[in-house]
Every structure is written in C-alpha cells, then in structure tokens.
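Residue 19 is where the first sequence starts when you use our numbering, and the numbers rise one by one after that. Ideal Cβ placement from N, Cα and C applies to all residues, glycine included. Please read all numbers here as calculations on a predicted model, not as lab measurements.
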Amino acid sequence: MTSLEDRIRNAAVEAIKDLYSQECPLNTIQVQKTRKDLSGDFTLVVFPLLRISRKNPVQTGEDLGGYILAKLQDIEKFEVVKGFLNFTAKETYWIQFLNNVLDQSPYGFVKPEKGTAPVLVEYSSPNTNKPLHLGHIRNNLLGYAVSKLLMATGKPVKMVNLVNDRGIHICKSMLAWQRWGDGITPEKSGMKGDRLVGDYYVRFEKEYQHEVTELQSQGLSKEEAAKKAPMLLDAQEMLRKWEAGDSEVTALWEMMNQWVYTGFDTTYKSLGIAFDKVYYESQTYKMGKQLVLDGLEAGVLYKKDDSSVWADLTDSGLDEKLLLRSDGTSVYMTQDLGTAHQRHEEFGFQNHVYVVGNEQNYHFKVLALILKKLGFDWAEQLHHLSYGMVELPDGKMKSREGKVVDADELIEEMVENARQVSKDLGKLDGFEEKEKEEINYRIAMAALKYFILKVDPVRTMLFNPKESIDFNGNTGPFIQYTYVRIKSVLRKAEDLNISIPQTVSLDVQVNEQEIQLIKLVYSFPELLQEAGRQYSPALLANYLYELVKAFNQFYQHSTIINEENSELRGFRLSLASFVARHIQDGMRIMGIEMPERM
RNA sequence: GGACCAGUAGCAUAAUGGAUAGUGCACCUGAUUACGGAUCAGGAGGUUGGGGGUUCGAGUCCCUCCUGGUCCGCCA
C-alpha cells in the first residue's frame, strides 16, 4: 500500500499540472509530519511552490488543499497556516493502518534480501594487555547495535573483531609477569585473566618510571632516559624474539593472551555481544606489503633513499604517509590496507563499517585515499563510524593515572544498584533468587546500554555514574517498565478469558491518545531506515522513548480491561499487545532484553 | 604551525534548511483507596559560544573569531 504521504505528493504534482499547467518534479514536494502542537497529520510545505503558482502562500495552499482533499478519500480536512498546508487524515485511516500492521512481527523490519553482499561491521578491537573499560563499552554497544540496526533494515551483516594481540604493549605485560609474577595464574589468584595481565602492564609502567627517574638523576635528559631505560630495551628485545618466533616467548605470549581472551569472553557475555569472525593482528600485521609493492610498481607510491615507501597525499591536502619502513616491514596503515583488501576478496562486502573512536579520523581518511590510489573503487564503500570519547564528571579517563572505569566493575555496580531499587520498591518480593537476579541484570543492562546508545555517536559524551543509574525519565528501565505493565494487563486479560482480536473494528470511537500512539507507530518504518542510513541507534532510542511516553499517556487516560464496550476493549488490547511487541523488537536492536515483571 | 570534530536552560540531551527550539534530571504545584504510581497532568527555566552572510525561511549551509577535544610517529 502506498503511504498517505506519497499519495499526497503524487496528488500535489497532479494538482500543479491541472491548476497551474506546470510540470513539477515529485521530489520538490515536501511532505512532513505536522508539528504536534498544531492540528493535522501531514504538512505540505507551500513556500517552494510559490514560484510555480505565482500566488501568495495562503492562496496556493487553499488551491492545492481543495484539489487534494477531493482526490484522496483518506483525508478528512485541510487547513492553511501561513505557508503550511496541513492535512488531517480520517480516523478510519489510522485504524485501518493499525489493522494492516497488527500481525507484522517484527513490525517495520525489512527482511534481508538473499544473495546480496554483506555489510561488514568491525568493532570492539581490543588490545590484549589490559581489561576493557568504559570507552570499549561504548564501542561494543555501538558496534552491536549498528549491526542489528542494519540487519533490521534488510542488510545482511557480518560482525567482525580485530584483536590487537601483538606488539610492545603486550610484551610489557609479559616482561613484568616474568619478573614479578612468581608463576601466578588466574586460577591461583582467583582473578579474571584480563585483569591479571592488566595489573602487570601497570606494574611495568611503574617500574619503568622508576628507571627513567633513576637515569635522569644520573644526568640523562627525560627523552634519553625514556629511550634507554633497561626495561624498555628488554621489552623491545622480547618483541624481536617474538617476531623471530622464539619458542619460549611465543609460549608465554600464547598463555597470557589466552588468559585475556577468557576474561574478555566473560565481559562480552555480560554485554551480550558476539562476533561472526575474529581476526588477530598477529596473523595480519604483515599483510598489505604486496599491495604496497604493486602500488610502487604502478608508480602511485614512491620510495625514498633509505628505501622506505610512502604515499604522497599532498594533492588531497594531507601529508605524506609511510607504508613500509626502511627495513621493509609493514606499519599499522599497511596492515589495514591488507585486511580491507582481504575482506573484500573474502566477502565482497557492499559496505565496510569501522566502529573506531574519533581520534582515528585521520587514519581512516588516509586509508580510503590510499586504497583509491591503488585503484580499488570499493574504497568508497568504507565507512568510519567515528564516535566521541566518554568523559567522566571530573574529566577524561586516563589509563596511566588509573582513572578508568573498568567495564566489569561498572556492570556489577549497575546490577547492584538495580538490586537496591528493586528491593526498596519491594516489587520482586516472593520471587526466586535466580529470577530476581535475571531481572535485576536486565534492568541494569538496560540502564547502561540505553544511557550510552541514546546519545548521538559523534558526540563526546559525559558519563555520570549517578545519573546513568537513574531509572526514571528517558532511560532504559522506564521503557522496560512500560513493557512490563502492558504484559501485566495482557496476563490479566488472559486470566479473564478475554481474547485479543486479530483485527479491530473500524467503527470504534478512538480518543486522542490512541490516535497519537498509532501515528507514532506509523512513522516507525521510515525512522528505522533513517537510523540505518545514519548508523545511529540514538534515533531509535529516542523513538522508543517517545513511543512509551505516548503509551503511558494513553494508559493513564483510558481503561483497557474494564472498558465496557467490548469492541473498544478489543481495540485497546490489540493496540497494547502490538505496542509491547514493538517495544521489545526495537529494544532488542540495541541489545536490551525485556523482563516480564520488574 | 596545519587539519578534523564539537559547542543548544544549572546539568544531560533532541530537532530530513521549515512554523512558537523539543525532552529528561534537578526544582515547584496537582492527580491514585491503582487494568502495576518505577505513572500521569501542570509550572518555572533559552539571545542555540560571539559576529557577519546565503535563503521566502538558519540550531542546521558559508565566512570569521572564541572555547574545548582529537589527530598530524619508521607506535597500534
């Protein structure tokens, strides 16, 4: 069925043809939702058409409004306010619309087309030398939600993770563990593996600073001291051994990385995220070299006297970028060129989304430019989903100063808070302990996830632990609460053997709140598409909040079960039941699960 | 030094170039012997960082300045 907005657009084109004898392209007709404080549902903006009509805005609006009203049966009336032509749809139009979507589940989602190339979403991408923190949480939640969002708009998605499991930072942890670990393991210490390894990374930095200070007191400059501290030299030596495949170093590296992975798995599981494929930099860090050599041969790259290889990006207003060191080895950029190429060969992706913080804006700009230089047209299909940092009320997180919000600790803190609120309200009294825990966990994660995802990704966001655990207002638990209340009503209906109709009568007298609710629902499919286009779960989050607010208004205003008119009661039950499913489906995109009671 | 991003009530945030800039928290006032009050209704709070420009119309686009952040490594 063509949407009413589209039919208004088409009718407007015809009207202009008939009334003014002019051709008017469809896309110049602007139809949008009417502001909610004015009467009407759809607004046709008249201003751009004045050139064609050669009349004033009000007269033009009247002309078009009269024509379109006569043409479209679903229009009840129109009104011209200044240069805006506002149409009101008939109530039966909305009820009919509801009837059409009642059985759609999930409503508004587009089924994935078979045989189309996937969208790759790379996210998480942790280093294996320390546990995940709040910044990673934003990354993980965004990556997962965007993936689900794209799936809901009909795109097949592959979620991939690129683990940075090699390099000097891992060697630092390894070295410190070797020296001071005394053979400790996660099992012996009872610590999560990623935490244990992270502690030795911190230990390294601490001891290293001692050495630097010591050297400085012997008269070296700060820079020299930082370069010549024995521990750093040892770590570098360890990295060289690792690259040479030294069996002892490799064994240590494998063992400690494994501890970290086990720890990460726990955190990933708490966050409810997963990947279709995991890449490891230890296996990809040499990639891309051949691409660069090919580029060199083709003359799009160049070699300096010391035989290092560079891309000249000055024609794009950027710098020169190193791609191969003078000893012929790859750098980070080279590796990313290689993995992008490999993934394109492997998946033939239609798009590749990189969920990476905005401090790497330059990197991804350069990545695309170089791929383009190398002759790969699909460079344009790469998209850097750049998100802002998460700051704390007292400023930025700083790993070195220990000013980080640990992911596991934060999650536990959120759960503890949910426990407290549930306990204070006494709503879970009499529930089994296991069930309580599950509910509190869902509430806690809803609070955390929603708090982070409702903010536009590009923004630097402030994470205030005190506010994030708020369960009122524009929060995840508020949305869950609305869902739970609906479910409670539906259970009650079932107990009373009141059935929920599959279709509702067009004759029911609906009220303002009900119409408002249906109109919001009507706008969802387009909103979902827009959220997908913008890679923005925030749009979805804010829609869902609007939706539950509208439902709460309806719920407060009208009785459902106790409504005496059975047709009206049926209508309200169908609407409520539909909204419950709709909320659940929408929240699931953001990785948020609904409790049945709370 | 160069480049990129952001700046919206006390705080946190929303707004395909469209109407009187929405919303939450906090603050004030009301509503219930409840289909679950973790709710709803109402109030107060704004020169959208400053200035200029484009447009019928600018928080949104352009220029400029201010503030904050990030990047510009033979690190990843």
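Unbroken alpha helix (DSSP H) run spanning residue 50, endpoints: Counting along the chain, residue 50 falls outside any alpha helix (DSSP H), though it belongs to the beta strand (DSSP E) covering 49-51.
What does the Cβ neighbour count give for residue 613, buried or exposed, with the cut at 16 atoms within 10 Å? Counting Cβ neighbours within 10 Å, residue 613 comes out buried, since at least 16 surround it.
Ignore the nearest five residues each way along the sequence and tell me which others in residue 23's own chain have a CB closer than 7 Å to its CB. Counting only residues of its own chain and dropping the five nearest sequence neighbours on each side, residue 23 has a CB closer than 7 Å to the CB of 49 and 60.
Which whole-angstrom value describes the C-beta separation of residue 58 and residue 28, a residue pair presumed to lie in contact below a C-beta threshold of 8 Å? Not a contact, Cβ separation roughly 19 Å.
DSSP state of residue 216, grouped into three classes? Three-state DSSP puts residue 216 in a helix.
Can the beta-carbon of residue 175 be found less than 7 Å from the beta-carbon of residue 165? Yes, they are a contact pair.
Residue from 67, 40, 156 and 150 with nearest C-alpha to residue 468: The alpha carbon of residue 468 has as its nearest neighbour, out of 67, 40, 156 and 150, the alpha carbon of 156.
Residue 477 classed as buried or exposed, judged by whether at least 16 other C-beta atoms fall within 10 angstroms: Looking at its Cβ environment, which holds fewer than 16 other Cβ atoms inside 10 Å, residue 477 is exposed.
Cα-Cα, which of 546, 549 and 504 is closest to residue 570? Nearest of 546, 549 and 504 to residue 570, Cα basis: 504.
For residue 627 versus residue 181, is the C-beta distance shorter than 7 Å? Residue 627 is absent from the model: the chain starts at 19 and stops at 616.
Could you please give the first and the last residue of the uninterrupted alpha helix (DSSP H) stretch that includes residue 11? Residue 11 lies beyond the range of the chain shown here (19 to 616); nothing can be said about it.
Below 7 Å CB to CB, which residues in the same chain sit around residue 41 once its five sequence neighbours on both sides are set aside? For residue 41, the CB contacts under 7 Å within the same chain, skipping 5 residues up- and downstream, are 35 in chain order.
According to DSSP, residues forming a beta bridge with residue 298: The partner list for residue 298 (beta bridge, DSSP) reads 181.
I want to know whether the region 299-312 touches the region 158-173 - three or more CB-CB distances under 8 Å. Judged by pairs of C-beta atoms under 8 Å, the region 299-312 does not touch the region 158-173, as fewer than three such pairs exist.
If distances are taken between C-alpha atoms only, which option among 378, 364 and 548 comes closest to residue 350? If you compare the alpha carbons of 378, 364 and 548 with that of residue 350, the shortest gap goes to 378.
Among 283, 83, 91 and 602, whose alpha-carbon lies nearest the alpha-carbon of residue 97? Nearest to residue 97 by C-alpha distance, out of 283, 83, 91 and 602, is 83.
Write down every uninterrupted run of the beta strand (DSSP E) in the region 430-483 whose length is 3 residues or greater and which is fully enclosed by it, in chain order. Runs of the beta strand (DSSP E) inside the region 430-483: none found.
Using the DSSP secondary-structure output, state which residues sit across from residue 369 in a beta bridge. For residue 369, which the question treats as bridged, DSSP gives the partners 137.
Take residue 537 and list the residues in its own chain whose beta-carbon comes closer than 6 Å to its own, dropping the five residues that flank it on each side. So no residue of the chain qualifies.
Distance between beta carbons of residue 243 and residue 222, contact taken as under 8 Å: That belief does not hold up - the Cβ atoms of residue 222 and residue 243 are roughly 16 Å apart, past 8 Å.
Alpha helix (DSSP H) segment containing residue 328, residue limits: Premise fails: residue 328 lies in the beta strand (DSSP E), 327-330, not in any alpha helix (DSSP H).
List the DSSP bridge partners of residue 22. Beta-bridge pairing links residue 22 to no other residue.
In the DSSP assignment, what residue or residues form a beta bridge with residue 107? Partner residues in the beta bridge of residue 107, as assigned by DSSP, are 93.
Could you check if residue 373 is buried or exposed, using at least 16 other CB atoms within 10 Å of its CB as the buried criterion? With 16 or more neighbouring CB atoms inside 10 Å of its own CB, residue 373 falls in the buried class.
Given residue 101, which residues of its chain have a CB within under 6 Å of its CB, disregarding the five upstream and five downstream residues? Once the five neighbours on either side are set aside, the close Cβ partners of residue 101 are 64, 65 and 75.
Looking at C-alpha atoms only, which residue of 553, 578, 112 and 552 is the closest neighbour of residue 506? Measuring C-alpha to C-alpha distances from residue 506 to each of 553, 578, 112 and 552 identifies 578 as the nearest.
Is it right to say residue 256 is buried, meaning 16 or more other beta carbons lie within 10 angstroms of its own, or is it exposed? Flag for residue 256 reads buried.
Out of 312, 426 and 563, state which residue places its alpha-carbon closest to the alpha-carbon of residue 493. Ranking 312, 426 and 563 by Cα distance to residue 493 puts 563 first.
Closest Cα partner of residue 4 within the set 388, 546 and 482: It is not possible to answer for residue 4, since the shown part of the chain is limited to 19 through 616.
Could you spell out where the alpha helix (DSSP H) holding residue 544 opens and where it closes? Element bounds for residue 544: 530-551.
If you check the beta carbons only, do residue 309 and residue 327 fall under 7 Å apart? The Cβ-Cβ distance between residue 309 and residue 327 does not fall below 7 Å.
Thinking C-alpha only, which one of 393, 367, 407 and 364 is nearest residue 376? Proximity to residue 376 across 393, 367, 407 and 364 peaks at 407, based on C-alpha coordinates.
From residue 217 to residue 228, what distance separates their C-alpha atoms? About 17 Å.
Cross-strand partners of residue 424 (DSSP beta bridge): For residue 424, DSSP records a beta bridge to 151.
What is the residue span of the alpha helix (DSSP H) that residue 129 lies within? Careful: residue 129 lies outside any alpha helix (DSSP H) and carries neither H nor E.
If you follow the beta strand (DSSP E) that residue 60 is in, where does it begin and where does it stop? Unbroken beta strand (DSSP E) run through residue 60: 60-63.
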